[in-house]
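So our numbering is basically just the index in the sequence shown, starting at one, shifted up by 904.
Even glycine gets a Cβ: it sits at the ideal position worked out from N, Cα and C.
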Amino acid sequence: RPEFLNRVDEVIVFTHLKEEEILEIAELYLKRVNEQAAAMGIVLELSDSVKNLLASEGYDPNLGARPLRRAVQRFIEDPLAEEMLLGRFQSGDNIVADLADEESKTVIFKKKEAEEPKPSKKKELVKS
């Protein structure tokens, strides 16, 4: 036992991650996913409900945030890749990821419709 204690430099105590910290880590993973999508010409937006799903599914009290990477892959990367392979999305698309419904753990991807410019409120001059 004394030989072991002489080899220990210091003791570090890790505390459990808080929900805000898990969300921050999820944001870092999602930033990478967005960069990969942008390289293919795709803009990806995720709803808060999807981010909360990733945070809850990607956290384990014993493992910390280690499962988070797999959750991002399972809920975002793999389904989005399948949609792209099926030809539903392509370069230049804006995609929104949201939950199918509040109780579901199913993420759905939809094209974000381009917003049409609003007509100006200037009055046109009419020739008489």
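Which one of the options has the shortest CA to CA distance from residue i?
i, options, result
"Q977", "Q940, K1016, V917 and V915", "Q940"
"D952", "E928, A942, N966 and M944", "E928"
"L989", "M944, D1005 and D1002", "M944"
"Y963", "I926, V947, S995 and N938", "I926"
"E949", "P983, V937 and E923", "V937"
If you draw a straight line from the alpha carbon of residue i to that of residue j, how long is it in whole angstroms?
i, j, result
"G968", "H920", "7 Å"
"I1012", "L909", "53 Å"
"K955", "Y933", "11 Å"
"A959", "S995", "28 Å"
"E981", "A1001", "11 Å"
State yes or no: is the C-beta of residue i within less than 8 Å of the C-beta of residue j?
i, j, result
"D997", "K1014", "no"
"L972", "A930", "yes"
So residue i and residue j are in contact, right, with Cβ under 8 Å, and what is the actual spacing, rounded?
i, j, result
"F993", "E987", "5 Å"
Using 10 angstroms around the beta-carbon of residue i, count the other beta-carbons present and answer buried if the total reaches 16, otherwise exposed.
i, result
"G991", "exposed"
"A942", "exposed"
"I916", "exposed"
"A985", "exposed"
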